[in-house]
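Following: one structure in structure tokens, then a few remarks.
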């Protein structure tokens, strides 16, 4: 195993140029070190980017809020621009592990690991985030739901580095919510995690859920129903329909498929209900 | 005027632990030591046909031990000799040790372990305690003719019944288990140092496995990071493995379990199914009780017969039953053997009887507090074994204290809720007792000893086998010795539990360290004080003068049972325990009916401790035990798939964090016990018994469902809520 400690983005990209499918990028190490310990991962190359200062920033741009991939959960929690423009991300960051993990774990790491139980990823889905990737071959940008492609799988090529994510400006009157059901109050991995954004009269709904399929996903069926002006009285039925159609929960060591389905439905109804108009008032 | 009793003493073990100077087994620097590891079975039941050693590996670089290398008997000596140290042929559980390897370093060890290929023929395994083909032990307690009451229920009386299940629980001590063993000395003697609760248990096991005399096996306790029962029996396995490796490798061997391995293969709490029914007169007076207790013992006997005994003896709850019949069995399955965990069988049966009392209260239309009060054992009453309760019976005092503190006696428990929304508040109650010390004649047979030795400078060395495992033995023994001697705390020195130096005080288990061993210590100290004599001079001056005058400064005392105590092991009649601790809990919960999540917000507990020798320590014991109980009640899932533990890492082995802990409110009630030091009695396990039933009772108050299984996980609560909603629709 070759290890390259990169101190700049350029150095990281140069090292990644020779990367293969078996190579790994090390940022905070909260995922990768666990994999090392279990013997699951035997990379040919590890590129360490935890000390690349250029990856650790939050800036407000024309395109929206740009957050460096090396920003830790603690950075997200302390950032005033994140609190203003990407509140869901701060709410999610608070739910990650405990303080020690929050001090190490990065936004980019959570994205690239792409665990179905990730806390930050549903928030990025609900915020409509775009992922900026760089390699020696150039730069490109993907919608976050195009970036996450499957169980711990992403669209990132081995030679690419996630540089930052961009959160579009918050539309006027958009409701947002984040809700995690875990195994306990802290140091907990989710049984169900929900992040969502909803514009006035159901416009521009982005309903994201984690731990209910092999990857974080959006409940497209529910979003479509909301866009049609769903009345509050029809919410429960629409939610049940969407959960049945859009999610693929499983039994695992943390919970059961039956529980995940039921709780996802109940959380969605609880969160969305107050935002919807009763029948007759709906569009 | 007492100087140390009832006043908090700084913990002698505290500074070194806080500053990181305490030496745990992993800290022990042993030059030339190799590291040991265990080749384990990957099936829950089968035949070991052989062990293949990869010829590509250089086996000269490591040491290997198999069943054939055990110099003594291939058994883990405990109660029955059914558990082999290493499998010779029959595999009875997942993770069972098949062979041992020692290597110069971790990397070489990992390579060697991977190069051992056991040839195993898998057999059908049994994981269902209700389908077990084999019973380890059965016990029956009977008083009066309970059967007659149920056959011919008196007019106006009512029969209430229920079946309650409790799952396993992991102790989760902070420090994993481990030993360093040294190769046999020229005289054949063997030394091990490690993390443990009971040095003399380990000594006996080593002697049997190595074929040496007990005196030739020396066991030394190192700083130990928690036990909770988990280091009662398993250290015997690990110490024998380490000693065997050291013998084969001819050098010291460190055998320290990693967290995953520790979680996967060490014993946990016995899963249980308890069927219980009781007959009550219309006014709530208990007429008869029947209980059928079934414990899963796992693959080998370990401590199961004694765990069952305590479970059966606590199945009655702290109540008067004119007629009772309690039958219990612990059966074999192919689970990893279950073992000791704080409470030792009592939490399982306490859950059942307390849930039944709640159900009875509902069916009889009597307040659950009132029902308990009406049936509570009082001074002068007899228990279901015919034990007449004479001393230190604080039952009514704890009930009065908990009512005063919480007003639960006026809370409309189980009444329909006026509030709307998914978050429901509930209060729950439990009343419980716990026998302190060993069951029956255990203490009499053991006759635990404590020695004192006057040092040349006048200080007194306490020699006891009782271990400090975080619970405060050192502070407690210092306070007891100083008080009984009439000396300063600084005049007391505590010897390290080392079988070469300390007498067998009995194991550090069963809520017996303070009450039983502390009592022997107090008696020994009183004797030494009498020999040295009181006077105006300081203790050390008097002690030095005593020694200078040729006085004998060595005292050894053994436990003497209370006069008149009698116990018949055959009929299970008589004085089951020297004395009981009494307690009542009230839990406040908030249940989210959308998710089934339970927030245990507060836990009030009133506990009769006899006498609080060290108030801060005993309060810590109570809060810690109650928190373990709360975790078990609704959060701590322990399960096995094909006999393999599914929660073998800290990410999945969930226990409460600080944020999950309720606010505690502890009321210490003191009804002194004349048989204990300064009136104290054992309370180490008592707080583990009442938390789960109080939390389930509070969930019932909040939601109207009757949880009958521990842990009452969100998944189980949601299933019950959905079933109730479907019933309401039907």
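Protein chains in written order, with my numbering: chain A, 61 to 343; chain Z, 2 to 731. Every residue, glycine too, gets a C-beta built ideally from N, C-alpha and C. Given the structure is predicted, the values throughout are model-derived calculations rather than measurements.
What would DSSP say about residue i, mapped onto helix, strand or coil?
i, result
"residue 696 of chain Z", "helix"
"residue 7 of chain Z", "coil"
"residue 271 of chain A", "coil"
"residue 46 of chain Z", "coil"
"residue 710 of chain Z", "strand"
"residue 440 of chain Z", "coil"
"residue 345 of chain A", "Outside the displayed range of chain A (61 to 343) lies residue 345 of chain A, so it cannot be described from this structure."
"residue 345 of chain A", "Residue 345 of chain A is absent from the structure shown; chain A starts at 61 and stops at 343."
"residue 680 of chain Z", "helix"
"residue 190 of chain Z", "coil"
"residue 237 of chain Z", "helix"
"residue 202 of chain Z", "helix"
"residue 655 of chain Z", "coil"
"residue 173 of chain A", "helix"
"residue 335 of chain A", "helix"
"residue 462 of chain Z", "strand"
CB-CB under 8 Å to residue i, same chain, minus the five flanking residues each way: which ones, in chain order?
i, result
"residue 648 of chain Z", "171, 264, 638, 639, 640, 654, 655"
"residue 624 of chain Z", "665, 667, 688"
"residue 494 of chain Z", "456, 460, 461, 462, 463"
I want to see whether chain A comes within less than 9 Å of residue i, judged by CB atoms only; does it?
i, result
"residue 657 of chain Z", "yes"
"residue 595 of chain Z", "yes"
"residue 330 of chain Z", "no"
"residue 272 of chain Z", "no"
"residue 264 of chain Z", "no"
"residue 598 of chain Z", "yes"
"residue 636 of chain Z", "yes"
"residue 723 of chain Z", "yes"
Strictly under 9 Å for the Cβ-Cβ distance: is residue i near chain Z by that measure?
i, result
"residue 343 of chain A", "Residue confidence is low: residue 343 of chain A scores 48 on pLDDT, short of 50, so the model does not pin down where it sits. No coordinate-derived value is stated."
"residue 250 of chain A", "no"
"residue 195 of chain A", "no"
"residue 212 of chain A", "no"
"residue 316 of chain A", "yes"
"residue 174 of chain A", "no"
"residue 330 of chain A", "yes"
"residue 302 of chain A", "no"
"residue 254 of chain A", "no"
"residue 326 of chain A", "yes"
In chain order, what residues of the same chain have a beta carbon less than 7 Å from the beta carbon of residue i, not counting five sequence neighbours either side?
i, result
"residue 81 of chain Z", "302"
"residue 271 of chain A", "176, 177, 250, 251, 252, 253, 320"
"residue 404 of chain Z", "370, 410"
"residue 203 of chain A", "190"
Residues in its own chain within less than 6 Å of residue i by CB, not counting five upstream and five downstream?
i, result
"residue 543 of chain Z", "533, 536"
"residue 678 of chain Z", "481, 519, 520, 523"
"residue 228 of chain A", "124, 188"
"residue 302 of chain A", "279, 281, 282"
"residue 131 of chain A", "116, 167"
Checklist entry - Does the segment 189-208 of chain Z come close enough to the segment 290-301 of chain Z that 3 or more CB-CB pairs lie under 8 Å? => result Here the segment 290-301 of chain Z makes no contact with the segment 189-208 of chain Z; the two share fewer than three CB pairs at distances below 8 Å.
Item to check | Short-range partners of chain Z found in the segment 268-298 of chain A, where Cβ spacing is below 8 Å | outcome: Within the segment 268-298 of chain A, no residue places its CB atom closer than 8 Å to a CB of chain Z.
Checklist entry - If you measure beta-carbon to beta-carbon, which residues of the segment 155-178 of chain Z are closer than 8 Å to chain A? => result none
Checklist entry - According to a CB-to-CB cut-off of less than 8 Å, which residues of the segment 643-654 of chain Z neighbour chain A? => result 647, 648, 652, 653
Checklist entry - Hey, is the segment 515-528 of chain Z in contact with the segment 475-491 of chain Z, meaning 3+ C-beta pairs nearer than 8 Å? => result yes
Next on the checklist: Taking beta-carbon pairs under 9 Å, can you tell me which members of the segment 2-25 of chain Z lie near chain A?
Outcome noted: Residues passing the 9 Å Cβ filter: none.
Next on the checklist: With three or more C-beta pairs closer than 8 Å as the rule, is the segment 439-453 of chain Z touching the segment 303-316 of chain Z?
Outcome noted: yes
Next on the checklist: Tell me which residues of the segment 416-430 of chain Z have at least one Cβ-Cβ distance to chain A shorter than 9 Å, keeping chain order.
Outcome noted: 423
Next on the checklist: Beta carbons nearer than 8 Å to chain A: which residues of the segment 707-719 of chain Z have them?
Outcome noted: 715, 716, 719
Checklist entry - What residues from the segment 234-248 of chain A come within 7 Å of chain Z, judged by C-beta to C-beta, listed N to C? => result Here the close residues are 241, 243, 244, 245, 246, 247.
Checklist entry - Are the segment 547-565 of chain Z and the segment 442-457 of chain Z in contact at 8 Å, needing three or more beta carbon pairs? => result With three or more CB-CB distances shorter than 8 Å, the segment 547-565 of chain Z counts as touching the segment 442-457 of chain Z.
Item to check | Residues, ordered as in the chain, of the segment 106-117 of chain Z that lie near chain A by beta-carbon distance below 7 Å | outcome: Along the segment 106-117 of chain Z, none of the residues has a CB nearer than 7 Å to a CB of chain A.
Next on the checklist: Tell me which residues of the segment 40-59 of chain Z have at least one Cβ-Cβ distance to chain A shorter than 9 Å, keeping chain order.
Outcome noted: none
Item to check | Chain-ordered residues of the segment 455-480 of chain Z with a beta carbon less than 9 Å from chain A | outcome: none
Next on the checklist: Three or more C-beta pairs under 8 Å: does that hold for the segment 155-163 of chain A against the segment 193-211 of chain A?
Outcome noted: no
Next on the checklist: Please identify, using Cβ separations under 7 Å, the residues of the segment 659-676 of chain Z that lie next to chain A, in order along the chain.
Outcome noted: Here the close residues are 660, 661.
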